[in-house]
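> Residue numbers (full-length UniProt numbering), protein chains in the order written: chain A, 1 to 254; chain B, 1 to 153.
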Ligand SMILES: [Zn+2]
C-alpha cells in the first residue's frame, strides 16, 4: 500500500533526530566521565547512535527526494525542523541523570526496534534489524548502571530519584500518537506508539523497582518535540555547537 | 588489462587486514557480502560491523586502494545493511587468530569461554564496551590480566 511520502519522512525524522540529538548529548561526556571504562562506554554508545542516525536520516533524505544527504539533514536544518523527542535534548545533568535518560530512551528503542524488524517497509526493517543488536547492548548496560546507582549509596540513590523526577514527565511524549503514526500503523510500517506502552512500563518498572526508585505519580507529559510544535530552549544551544562548523564553512570536508 | 575473475578479486580482498585488528582480514570478518562485475565496473558490497564503526570508511579506502593497485580502475563500493552483520560470519581461522592475538573470540553464550592468555575460566566482566564498539572488557581471575572480548552479535 502506498504511504504518504511526507508522513513517512516525518516518521523517519522522529527516530533519526532522536538518535542524533541523544548521540550529541552523550558525546559531551567524552573525556569527562568518572572512570575510563565509563568514558569509553559512553563514547561507544554515542557512536552507535550516530551510526543509526546516518541510516535513518539517509533513508529520510532518500524519501524526501530533494537530493539531500543524511549530513545535510543533520547539519543544515534549524531547531524547528527537528523531530526528536524532548527527552533526548535535555541537558546531561550528572552522570546518573545521563544514564537514567539513556535507560528511559534505550528501553523505548528496544521495544520499538523489536516491532520495526517486522515493518512492511524493507528498508525500515533492515535498519531496525541492524540497530536492534546495538540497542540490546545499550539497554543492558544502562539498566545495570541505573540499578547500581539507584540501589547504591544514600547520595547516589538521592540523585537518581531526583533525576527520575526531572526526567519522568518527558517519557510520555514517546507514546504520543498523531496522524503520522496512524498512517504508519495503517501501512504496516510501524506500530502505534501507544501500543508499546505496556511492554515499556513492564520493562522500566522492573528495572526501577530493582533500583529502589519510585516512579513519580503525575501523568503530565511535556511534548512538542516529535511534532516539531515546540522544543525546549536547550535544543538551539545544542545545534549551535553541533552545526557550527558546517554553518561557518559550508561544504567543509576533511 | 583483461577483466579479472570474481574469484581473483576475492583473493585480493583476502589480503586486506582489518584496520583495528590486523591479524584478521576483512574477508575473515565476514563484512564483504558480494563481489561482481557490472559491465567493466567491479562492484563490492560491504556491510558495517556496527552502524557507527569509524573503521568503515577506512576499510572502504583500503578496498579501493587494493583493487587499484591490482589495476582495476572502475570500482563501486556498495553499503549493504541487510541482513545485519553477525559474528557468525567470522571464519574459524579468524577466531583462532583473534585468540592468539589476545582477544577472546565471540561465543553464543554471550561471554568469553576462556582467558586468551592463560586459558583460565574464572572470568569477570569489567565493562560492556572496549576500545572499539565490537569489543567488551573482561578480566581473568586466574592470571589477573584484563583482556578484550569480541562481542557476539
Ligand atoms: Zn588468564
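Yeah, the Cβ is synthetic: ideal placement off N, Cα and C, and Gly gets one too.
All of these numbers come straight from a predicted model, not from anything done at the bench.
Please confirm if residue 47 of chain A has its CB atom under 7 Å from at least one CB of chain B.
yes
> Would you say residue 184 of chain A lies against chain B (beta-carbon separation less than 7 Å)?
no
> Residues in the same chain with beta-carbon distance under 7 Å from residue 75 of chain A, minus the five sequence neighbours each way, listed in chain order, please.
243, 246
> Is any non-hydrogen atom of ligand 1 found closer than 6 Å to the C-beta of residue 117 of chain B, if you look at the structure I gave you?
yes
> Any beta carbon from chain B within less than 7 Å of residue 51 of chain A's own beta carbon?
Output row for residue 51 of chain A: interface = yes.
> Less than 7 Å between C-beta atoms, sequence neighbours within five positions excluded: which residues of the same chain meet that for residue 23 of chain A?
46, 49, 50, 53
> Excluding five sequence neighbours on each side, which residues of the same chain lie with their C-beta closer than 6 Å to the C-beta of residue 103 of chain B?
148, 150
> In the DSSP assignment, find the alpha helix (DSSP H) that holds residue 123 of chain A and state where it starts and stops.
First-last of the alpha helix (DSSP H) with residue 123 of chain A: 122-150.
> For ligand 1, I want to know if residue 142 of chain B counts as a neighbour, meaning its beta carbon is within less than 6 Å of at least one of the ligand's heavy atoms.
Yes, the Cβ of residue 142 of chain B comes within 6 Å of a heavy atom of ligand 1.
> For ligand 1, any of its heavy atoms closer than 6 Å to the Cβ of residue 120 of chain B?
yes
> Can you name the residues of chain B whose CB is closer than 7 Å to the CB of residue 126 of chain A?
81, 82
> Spatial neighbours of residue 71 of chain B within its chain, please: C-beta separation below 6 Å, excluding the five flanking residues on both sides.
1
> So for residue 38 of chain B, helix, strand or coil by DSSP?
strand
> On the three-state DSSP scale, how would you describe residue 85 of chain A?
coil
> Considering just the uninterrupted stretch of the alpha helix (DSSP H) at residue 139 of chain B, what are its terminal residues?
Element bounds for residue 139 of chain B: not the alpha helix (DSSP H) but the beta strand (DSSP E), 135-140.
> Taking the beta carbon of residue 85 of chain B as the centre, do at least 16 other beta carbons fall within 10 Å, making it buried, or is it exposed?
buried
> Can you check whether the C-beta of residue 40 of chain A is within less than 7 Å of a C-beta belonging to chain B?
yes
> Measure the alpha-carbon distance for residue 87 of chain A versus residue 202 of chain A and round it to whole angstroms.
20 Å
> State the DSSP-derived secondary structure class of residue 49 of chain B, mapped to helix, strand or coil.
coil
> Provide the residue(s) that pair with residue 79 of chain B in DSSP beta bridges, ordered along the chain.
B:46
> By alpha-carbon positions, which one of B:97, B:26, B:21 ends up nearest to residue 11 of chain B?
B:26
> Where residue 49 of chain B and residue 164 of chain A are concerned, what is the direct C-alpha to C-alpha distance, given to the nearest angstrom?
34 Å
> Can you list, in chain order, the residues of the UniProt domain "MIP18 family-like" (8-68) of chain B whose Cβ is nearer than 8 Å to any Cβ on chain E?
Of the protein chains in the structure, A and B, none is chain E.
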